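So for the sequence shown, the numbering used here puts the first residue at 171; every next one is plus one. C-beta: ideal position from N, C-alpha, C; glycine also. Just so you know, these numbers come straight off a predicted model, no measurement behind them. Following: one structure in structure tokens, then a few remarks.
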Amino acid sequence: MGGDAGVAGEQAPAPVRALVDDEQPLVRLVTSYLEREGFQVRAADDGERAVELARTFQPEVIVLDLMLPGWTASRRAGASAPSATPTWSC
Numbered sequence: 171m172g173g174d175a176g177v178a179g180e181q182a183p184a185p186v187r188a189l190v191d192d193e194q195p196l197v198r199l200v201t202s203y204l205e206r207e208g209f210q211v212r213a214a215d216d217g218e219r220a221v222e223l224a225r226t227f228q229p230e231v232i233v234l235d236l237m238l239p240g241w242t243a244s245r246r247a248g249a250s251a252p253s254a255t256p257t258w259s260c
């Protein structure tokens, strides 16, 4: 009841958010906030890893550092992700 799918007591998997930044203190901080809100977080620290992450996990949202090393490769992450995947660049 209430629209729950699956077996009673079984929780749906947490939505995946991708975080792409090379500053590890910031990655840890944002990850802790998102996980506290119930999201799964996958992080990458360069453009090539961002592309791989987008293809592998198909996150619902990608938060991307515009000044990221390998930005050219990370721009392809949007093309690799499903067309409905919002990308928030900061």
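field: Rounded straight-line distance, which links the Cα of Leu204 to that of Ala224
entry: 18 Å
- request: Measure the CB-CB distance between Asp215 and Val197 and report whether it falls below 9 Å.
  value: yes
query: If you draw a straight line from the alpha carbon of Glu230 to that of Glu207, how long is it in whole angstroms?
result: Each residue's alpha carbon lies about 15 Å from the other.
message: 9 Å is my cut-off, CB to CB: does Asp192 come that close to chain D?
response: Of the protein chains in the structure, only one exists, and it is not chain D.
field: Cβ-Cβ distance between Val275 and Thr201 below 9 Å
entry: A question about residue 275 goes unanswered here, because the residues of the chain that appear run from 171 up to 260.
query: Roughly how many angstroms separate the alpha carbons of Ala188 and Glu180, rounded to a whole number?
result: For Ala188 and Glu180, the distance between alpha carbons rounds to 24 Å.
task: Rank Leu199, Ile232, Glu222 by C-alpha distance to the C-alpha of Pro185 and give the top, closest one.
output: Closest by alpha carbon: Ile232.
message: Using the three-state DSSP reduction, which class does Gly172 fall into: helix, strand or coil?
response: For Gly172, the predicted structure reports a pLDDT of 44, less than 50, and the residue's modelled location is therefore unreliable. The matter cannot be settled from this model.
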